[in-house]
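Enquirer: Each residue of the sequence shown is one higher than the last, beginning at 186 in this note's numbering. The C-beta atom is built at its ideal place from N, Cα and C for all residues, glycine as well. Quick caveat: nothing in here was measured; it's all calculated off a predicted structure.
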Amino acid sequence: MTAWTMTLWEQGNPLLQWGVVIGASLAAAIWDVTTRRIPNRLTGPMVLAGLAWSAYAGGLAGVCDAAVACLVLALPYVLLFILAGGGAGDAKLMGAIGAWLGLVNGIVVLAAVAVSGILLAIGFAMARRQFRSVLVNIVGFAYEVVFLVLGTGKSKGRQRLFLSKIEDIQKVPYGAAIFAGACIAAG
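1. Considering V357, what are the terminal residues of the alpha helix (DSSP H) in which it resides?
2. Between F309 and Y328, what straight-line distance do the alpha-carbon atoms span, to the nearest angstrom?
3. Go ahead and label N322 buried or exposed: buried means 16 or more other beta carbons lie within 10 angstroms of its beta carbon, across all protein chains shown.
4. Determine the burial state of M279: buried for a count of at least 16 other Cβ atoms within 10 Å of its Cβ, exposed for fewer.
5. Could you spell out the range, first to last residue, of the alpha helix (DSSP H) harbouring P261?
6. Are three or more beta carbon pairs between the segment 282–297 and the segment 242–258 nearer than 8 Å?
7. With DSSP collapsed to three states, give me the class of Q315.
8. Nearest to A251 by CA position, among L258, L236, Y262 and P261, is which residue?
9. From which residue to which residue does the alpha helix (DSSP H) around G173 run?
10. In three-state terms, what does DSSP make of A365?
11. Could you name the residues of the same chain whose beta carbon sits closer than 6 Å to that of I376, not counting the 5 residues immediately before and after it, in chain order?
12. Report the option in L320, W238, K356 and L305 whose CA atom is closest to the CA atom of I363.
13. Using beta-carbon positions only, say whether V294 and G366 come within less than 9 Å of one another.
14. Any idea if P358 is buried or exposed, counting beta-carbon neighbours within 10 angstroms, 16 or more meaning buried?
15. So G283 and L258 are in contact, right, with Cβ under 8 Å, and what is the actual spacing, rounded?
16. Can you give me the start and stop residues for the alpha helix (DSSP H) that G272 sits inside?
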């Protein structure tokens with residue numbers, strides 16, 4: 186059985202769910218590339234519709250699975266929003282994808298989006314001849330996350346790590362990575 190047909194409850198129509206996710210992430214990618222924003226008018230209704238679909242198709246188990254997946258998929262992007270700045274549209278879109286796909290399929294999408302995002306960021310950095318500074322920022326960000334997650338002490342902060350100021354960091358239209366990752370996960 187392939188990953189995209191599995192979940193914690195019987196979803197009923199996975200083609201509908203994946204179709205919504207692929208279509209909405211395509212719209213988000215286009216929006217993000219052209220305006221550098223993923224609007225709430227896309228993500229808000231998508232979350233609500235995903236929760237409603239989950240309730241219809243899976244009852245209480247479906248809603249619980251969708252809600253947990255929404256939180257799990259959004260969390261890494263909320264942390265990125267807090268630590269690295271930028272917009273929260275990526276987090277809301279990932280949460281909406283979790284609401285539609287549930288936890289099992291959502292984790293597959295999360296992994297595929299992470300790989301797609303890393304490759305997109307490397308591609309942007311190479312095109313702008315900024316690969317070294319991006320690598321330093323990635324290492325520094327990982328360092329900050331370790332301090333945040335483990336709580337082992339006070340973070341050294343951006344100035345001690347010689348990282349770029351948040352306002353100087355080049356933004357990548359991550360909606361494109363979300364779309365690519367969703368397509369990869371859908372198989």
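Expert: The structure says:
1. That residue, V357, is in no alpha helix (DSSP H); it is neither H nor E in DSSP.
2. 22 Å
3. By the beta-carbon neighbour count (other beta carbons within 10 angstroms, threshold 16), N322 is buried.
4. With 16 or more other Cβ atoms within 10 Å, it is buried.
5. N225 to A269
6. yes
7. Shown here, Q315 sits in coil according to DSSP, grouped into three states, outside any helix or strand.
8. L236
9. Missing from the structure shown is residue 173; the chain here goes from 186 to 372 and no further.
10. helix
11. Because the chain in this structure spans residues 186 to 372, residue 376 falls outside the shown range and cannot be described.
12. L305 is the residue among L320, W238, K356 and L305 whose C-alpha sits nearest the C-alpha of I363.
13. yes
14. By the 10 Å Cβ count, P358 comes out buried.
15. With 8 Å as the limit, G283 and L258 qualify as a contact, their Cβ atoms being about 4 Å apart.
16. For G272, there is no enclosing alpha helix (DSSP H), since its DSSP letter is neither H nor E.
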